[in-house]
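Quick note, the sequences are listed as chains A and B, same order. First residue of the first sequence? That's 1008 in the working numbering, and the numbers climb one at a time after it. First residue of the second sequence? That's 1008 in the working numbering, and the numbers climb one at a time after it.
There are 2 protein chains.
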Amino acid sequence: MMKLVIALMLGLALGLPANAGTLTEQDLTTARELRERALECDGGFEIVADLTRRIGPRMAGTEADARAVEWAVELLQEIGFDRVWLEPVTFNTWHREFERVTVSAPGVAEQELVTLALGFTPATPAGGIEAELVMFDDLAALEAAAPEDVEGRVVFIRNRMERSRDGSGYGPAVQARSRGPQVASEKGALAMLIRSIGTSTNRFAHTGMTRFDTASRAIPAVAISNPDADQLERIFSLGGPVSVQVEVGAEYTEPYTSHNVIAEITGAESPEKIVALGAHLDSWDVGTGAIDDGAGIAIITEAARLILDLDERPRRSIQVIYFAAEEIGLLGGRAWAEKHHENFENYQLGAESDFGAGPVYEIAARVADEAWPVIEAIQRELEPLGIELGGREASGGPDFIPSLPYGLAVVDLKQDGTEYFDYHHTENDTLDKIDPEDLAQNAAAYAVLAWLAAQSPIDFGSGPQLIEELQ
Amino acid sequence: MMKLVIALMLGLALGLPANAGTLTEQDLTTARELRERALECDGGFEIVADLTRRIGPRMAGTEADARAVEWAVELLQEIGFDRVWLEPVTFNTWHREFERVTVSAPGVAEQELVTLALGFTPATPAGGIEAELVMFDDLAALEAAAPEDVEGRVVFIRNRMERSRDGSGYGPAVQARSRGPQVASEKGALAMLIRSIGTSTNRFAHTGMTRFDTASRAIPAVAISNPDADQLERIFSLGGPVSVQVEVGAEYTEPYTSHNVIAEITGAESPEKIVALGAHLDSWDVGTGAIDDGAGIAIITEAARLILDLDERPRRSIQVIYFAAEEIGLLGGRAWAEKHHENFENYQLGAESDFGAGPVYEIAARVADEAWPVIEAIQRELEPLGIELGGREASGGPDFIPSLPYGLAVVDLKQDGTEYFDYHHTENDTLDKIDPEDLAQNAAAYAVLAWLAAQSPIDFGSGPQLIEELQ
């Protein structure tokens, strides 16, 4: 506390805003060193290059998932974290075999579309499903449709995701994927096609999860690429009936136990207090999971590695958490919240990097009022990276969402996602889509955040009381 | 001839270069009208949109090939050409069933690569071929290799095509595809992988033809996408042995007869003399053949349609030729040369559009000396389209190459191909890759060329004597 008082006095004496004094000059100097060192290093890029090279796609519950966990433990031990351990996450999973969709119409030759079955979609009966295709503008139009216009048919929802820096086009569009098949099924549809929830104009289908209330409601559902969706619209514009044949091979698999992988830099003063940086280790079964989320793994690991390289240990502990099974329902994040939420008062923050490798442009934080000046002070050290101060709404990233109801304080380092949804959940998510300089900027931002959050004289306010405070 | 003299005198009187006088002011005025009208029309885009929508991929020898020929006859008759007819082209063809290539190495999980079998590649034995993979920088390195370093292995050539406006990176790189498998086979290789001959950084493999001297030399050969080739290089950089499993399903099919489709605007003064515009109707079996070569079909057809819309008929006839089976060996172009070469003295020129839909930037022509001033005059009318005067070397486009030994005069309207090899021979060759404005610029250029070549008072010099003249 004395340090804080002195720092505040120094701040005043120097004419700085009072809240800059919440961190010592030494802490700020170290933060600046970390920032500059991160920008000069390509250690992060080497991490994601090695992960994608050695493991490639690593869908939760596969052999590659297990190999990825082994790879992670080896990497984290080699880097020299003080502790590395596993926490089990058990789940049922799903395995894609194939998908084949062909379309035809009067005056239109039969053509195969580029497709990917959605995650956890059931297989079609042998020989597939052949039916008339009926097109809807969006989920609302399907919801408004009379069941007799849907029953016995295959539904196509054509809504297109809009491109934006913050990825805000995803939320409205993804409803067609997450809820569309259930709604179609309720009205008697035999199967479902959606325009991919993605912005690529290349011929890649974007997979992702869909959900059914009950197994008996489940119908085969596939995403088609944007060019194929355009093609379907042009075929519909001829005005005649459109026929489709849908074949999906897929199976549900036995319960599998994967692991959240956690590594810690043990704090020097308050080792029980924790700054938690997250990313997820699993990927979809297509692509090599470079931007989703090899990039996040690389960013948080490189940030922590730079802190490990310092001559001093941080006051609080810093943990990197490689979450398991994010893609199939935030399962690693849920398991982690369940296991740790009773200790959340010791967690300074959760911050997950899971939005590719575009540069960070803004910091937002869901923290107690008294901690906000520290966030403002951290932002000032992020400013040279082009990072502005955002607001007090934050989610912490997908795997920390299950922790929000328990009051975990969270920070978002918001990345430019303009191109993220060109690659997200596609075969085209490969290493070459990552710009090493942007990746280094991310590592710099996480290093500054982690260090200063660990050094902060003020706790960020995690715990049940945060829910009330911010309501 | 009197017209020419008057035109020359007018030209001199107006202070114009003498050769401008080889065409009448009325002809030049009409050319300008055609040019402006073409830029305002989207008729070309509608043609390629309809072809790709109704037929989609149309590999030579498939049912879709036959449907494309029907589509073409209907379109050309509907547009109102004076004559539309078919000329048979018979060939053996090949049918892709599937390809599957997986790679593994010590410390590297088994990963499937994005691949396409090369055209006319044989199937692997059931269960595929499993062997060590050996990497070469380029075809020359493979040629220099000792047979004992190749025998019993699978060869990978990693050479990368360079991007350029004129597509000149294609020729050197494509040797790995066209000759590589034969060379590998001679040294005892079991199968071959090549880095795709294409510039895309997206995960698309580029197919294309390969050739073997004898059927007994044939080995399975597949192209892998650029990101996958990068991945292979990274796996090789680990230094250990790399294993590959290659499975290809494919079959050779029975002789099939397709057709060159020809439509004519019959000339008013010299109907036996012909300006021949070409494009090819077939495509590869992946993609929808939008840029290769639906664009060319659209460009030449729209150019001719605009001329048909004039109040007057051209002096010479103008023919549009939709060549068959270009992709599998210029088979329509060969058949056409064989059938028509004895009449080449009546052919003013051949000019094929087969390089996508990028804008034309240059005109080059292989014509008799005395006709060159007409080419210069035509270029002046193309100048407002951004088209410069090139040289006197030209090929006329792939399907006119078999006609060159017979002395056909040819003109190249050279297109900007900077992006062409991002899509060429891939699943990603779809309508959205065509810019309607660029397509219209192409149609404008072909309309001006066809009209003025048809009106030219000077023959371009086709026939055996052209070979000698230009030697």
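Backbone N, C-alpha and C define an ideal beta-carbon position, used for all residues, glycine too. These numbers come from a predicted model, not from an experiment.
Same chain, Cβ closer than 6 Å to residue i, five either side skipped, listed in chain order
i         : result
B:ALA1460 : VAL1282, GLN1355 and LEU1356
B:LEU1197 : ILE1136, ALA1138 and VAL1161
B:ARG1341 : PRO1409
A:ASP1292 : PRO1064, MET1066 and ARG1103
A:TRP1343 : ASN1267
B:LEU1146 : GLN1182, ALA1183 and GLY1187
B:ALA1450 : ALA1045, GLY1051, ILE1306, GLU1309 and ALA1310
B:ASN1099 : PRO1262
B:HIS1432 : HIS1213, THR1214, GLY1215 and TRP1291
B:PRO1095 : THR1264 and HIS1266
A:LEU1058 : GLY1301
A:VAL1115 : ILE1242
Chain A contact residues for residue i, given Cβ-Cβ distances below 8 Å
i         : result
B:GLY1363 : In chain order: nothing, as chain A lies at least about 16 Å away.
B:ARG1074 : ALA1116
Presumed contact (8 Å Cβ cut-off) between residue i and residue j, rounded CB distance
i         : j         : result
A:ASP1466 : A:ALA1378 : 7 Å
B:LEU1363 : B:ALA1302 : A quick correction: the sequence has Gly, not Leu, at residue 1363 of chain B. That belief holds up - the Cβ atoms of B:GLY1363 and B:ALA1302 are roughly 6 Å apart, short of 8 Å.
A:LEU1239 : A:PHE1127 : Rounded, the Cβ-Cβ distance is 24 Å, inconsistent with contact.
A:GLY1506 : A:PHE1351 : The shown model of chain A, from 1008 to 1478, leaves out residue 1506 of chain A, and the question about it has no answer.
B:PRO1464 : B:THR1029 : 6 Å
A:ALA1257 : A:PRO1132 : At roughly 13 Å, the Cβ-Cβ gap does not stay under 8 Å, so A:ALA1257 and A:PRO1132 are not in contact.
B:LEU1083 : B:ALA1270 : 4 Å
B:LYS1440 : B:TYR1453 : Not a contact, Cβ separation roughly 20 Å.
A:GLU1220 : A:GLN1189 : Per the sequence presented here, residue 1220 of chain A reads as Asp, with Glu not at that position. About 6 Å; that satisfies the 8 Å criterion.
B:GLY1403 : B:VAL1418 : 7 Å
Contact set for residue i: own chain, Cβ-Cβ below 7 Å, skip 5 residues either direction
i         : result
B:PHE1243 : MET1142 and VAL1249
B:HIS1347 : none
B:ALA1038 : GLU1388, VAL1455, TRP1458 and LEU1459
A:ALA1152 : PHE1143 and LYS1194
B:ASP1289 : ARG1065, MET1066, ALA1067, ASP1072, ALA1331, ALA1332, GLU1333 and GLU1334
B:SER1277 : ARG1322 and ARG1323
B:GLY1176 : MET1168, GLU1169 and ARG1170
A:ASP1089 : GLU1271, ILE1272 and THR1273
B:ILE1304 : ILE1054, VAL1055, LEU1058, ALA1286, LEU1288 and TYR1329
Same chain only: Cβ atoms within 8 Å of residue i, ignoring 5 sequence neighbours per side
i         : result
B:GLU1117 : THR1109, VAL1110 and SER1111
A:VAL1001 : Nothing can be reported for residue 1001 of chain A: it is not among the residues displayed for chain A, which extend from 1008 to 1478.
A:GLU1395 : TYR1368, GLU1369, ILE1370 and GLN1386
A:VAL1080 : VAL1091, LEU1093 and VAL1268
Counterpart residues of residue i in DSSP-defined beta bridges
i         : result
B:VAL1190 : Looking at the DSSP assignment, B:VAL1190 forms no beta bridge with any residue, so it has no partner.
B:THR1031 : None; B:THR1031 has no bridge partner.
A:VAL1110 : A:GLN1118 and A:VAL1251
A:ASP1419 : A:ALA1371
A:ASN1267 : A:GLU1094
B:ASP1138 : Contrary to the premise, residue 1138 of chain B reads as Ala rather than Asp in this sequence. Paired residues: B:VAL1251.
A:GLY1126 : A:MET1216
Partners in chain B for residue i, counting only beta-carbon separations shorter than 7 Å
i         : result
A:ARG994  : This structure does not reach residue 994 of chain A, given that chain A is present from 1008 up to 1478, and the question cannot be answered.
A:ALA1124 : Simply none; closest approach about 16 Å.
A:VAL1121 : GLU1434
A:ARG1167 : The contacting residues do not exist; A:ARG1167 stays about 12 Å from chain B at best.
Chain-ordered chain A contacts of residue i [CB-CB under 9 Å]
i         : result
B:PRO1409 : The contacting residues do not exist; B:PRO1409 stays about 29 Å from chain A at best.
B:HIS1320 : First, the residue type needs correcting, since residue 1320 of chain B is Arg and not His in the sequence shown. Chain A residues near B:ARG1320: none, gap ~32 Å exceeds 9 Å.
B:ILE1242 : ARG1060 and ARG1061
B:ALA1056 : ARG1241
7 Å Cβ cut-off: residues of chain A touching residue i
i         : result
B:PRO1234 : THR1437 and ASP1439
B:ASP1299 : By Cβ distance, chain A contributes nothing, its closest Cβ being about 14 Å from B:ASP1299, past 7 Å.
Amino acids of chain D, ordered along the chain, whose beta-carbon sits closer than 8 Å to that of residue i
i         : result
B:GLN1118 : Note that chain D does not occur in the displayed structure, where the protein chains are A and B.
Contact test: residue i Cβ vs the ligand FMN heavy atom, cutoff 7 Å
i         : result
A:GLY1339 : The model on display carries no ligand, and the ligand FMN is accordingly not part of it.
Within chain B, the residues that residue i reaches when beta carbons sit closer than 9 Å
i         : result
A:VAL1115 : ARG1060, ARG1061, ILE1062 and GLY1063
A:ALA1071 : ALA1116, GLU1117 and GLN1118
A:ALA1237 : What sits at residue 1237 of chain A in the sequence shown is Asp, not Ala. Near A:ASP1237 (Cβ distances below 9 Å), the residues of chain B are THR1437, LEU1438 and ASP1439.
A:ARG1312 : Result: empty, since nearest Cβ-Cβ is about 21 Å, beyond 9 Å.
Contiguous beta strand (DSSP E) assignments of at least 3 residues, all confined to the region 1336-1375 of chain B: Qualifying beta strand (DSSP E) stretches, in chain order: 1354-1359 and 1367-1373.
Completely contained alpha helix (DSSP H) runs for the region 1062-1100 of chain B, where each covers 4 or more residues: 1070-1086
Contiguous alpha helix (DSSP H) assignments of at least 4 residues, all confined to the region 1272-1331 of chain A: 1302-1315
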